[in-house]
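What follows is a single structure, written as structure tokens, with notes after it.
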Amino acid sequence: MVAVLTRRRRVILRQIVRPPYIYRWAGLLTIVGLFAGVTALVLVDRAPATNLAAGPVVELPVATAPAVLPLSPERPTISPTLLTTTGGAGKAVALTFDDGPDPASTPRILDLLAEHGMRATFCMVGRQAQAHPDLVRRVVAEGHRLCNHTITHDPGIGVRSPDVMNRQLRASRDLLRDVSSGADVDYFRAPEGRWSPALIRMSATDGMRALGWDVDPLDWTLPGTAAIVQRVEQRVKPGSVVLLHDGGGPRAQTVAAVEQLLPWLTARGYSAVLPR
């Protein structure tokens, strides 16, 4: 059925569609449309979340933490000075191991440290860390600390140009971080202890404390297990930083010496801490 407009209705319709009335009707319809759109958005936002690609979002259970986690090692103060003694309550000493990691000696030293509840700092050569990433991660997982010992054990790094020195320190530091899945590298130790004022300053600039020592039994010269033990026992004192090696050559003598030294230190009231 077709509706027929009366003359009066036709007149009213023509008035409605002529300016300025048409503009008023357009504005009113725009306002009504905006209100309807906002209302729809609010309702959609309150609806249950869904994943358009995979269906409804499923909440996964939160993973539980392991029963036992290693203690977070203390962080040293970063300053342009050489650290040769360590702080700590009572008779504290810092044990440090250079030139590793090595698959023959590092695991045995880690086992001994775990047996006696002691922590140590491992000054790693970058190429060794890259060759044995599992050992690097084990060192970190068991609560020990990483120390940058350059990528290739370059003894002349302290006399390089500032630019070369900086690039080498950063490259070896970043390599250790990558291999260890992001562990902190708070220390730097110069190969063969060949420090220079510029190298100490540069290590601090790159966020690492220059780490020296005050007890060196010269275990790398292979003097025999008895000589290594005797030299440490004679020279160690509260606050000492002890230099040993878990890489760079055969280290059976060092491992045997550590096996004797750890119970000796414990019996005399010493605790092994991280350098700071």
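Going by numbering that gives the first Met the number 0, the first residue of the sequence shown is number 0, and it counts up by one from there.
Ideal Cβ placement from N, Cα and C applies to all residues, glycine included.
These figures come from a predicted structure and were not determined experimentally.
Would you mind working out which of Leu-217, Asp-153, Ser-180 sits nearest Phe-187, comparing C-alpha positions? Asp-153
Quick check on the burial criterion: 16 or more other C-beta atoms within 10 angstroms. Buried or exposed for Ala-271? buried
What is the DSSP secondary structure of Ser-104, counted as helix, strand or coil? coil
Am I right that Arg-172 and Asn-147 are in contact with their C-beta atoms under 8 Å? What's the rounded C-beta distance? 5 Å
Please classify Val-158 as buried or exposed, where buried requires at least 16 neighbouring CB atoms within 10 angstroms. exposed
Measuring only the C-alpha atoms, how far is Ile-156 from Ala-189? 8 Å
Using three-state DSSP, classify Thr-151 as helix, strand or coil. coil
Report all residues from its chain with a CB closer than 7 Å to the CB of Leu-260; omit the five preceding and five following residues, and keep chain order. Val-228, Val-231
CB-CB under 7 Å to Arg-200, same chain, minus the five flanking residues each way: which ones, in chain order? Pro-79
Tell me the rounded alpha-carbon separation between Pro-196 and Leu-168. 15 Å
Are there three or more Cβ pairs, one per stretch, closer than 8 Å when the segment 83–103 is compared with the segment 120–139? yes
Work out the CA separation of Pro-102 and Ala-130 for me, nearest whole Å. 10 Å
Enclosing alpha helix (DSSP H) for Val-276 [first to last residue]: Beyond the ends of the chain as shown, which are 0 and 275, falls residue 276; an answer cannot be given.
Between which two residues does the alpha helix (DSSP H) carrying Leu-168 extend? 161–178
Can you give the Cα-Cα distance for Trp-194 and Leu-210, rounded to whole angstroms? 10 Å
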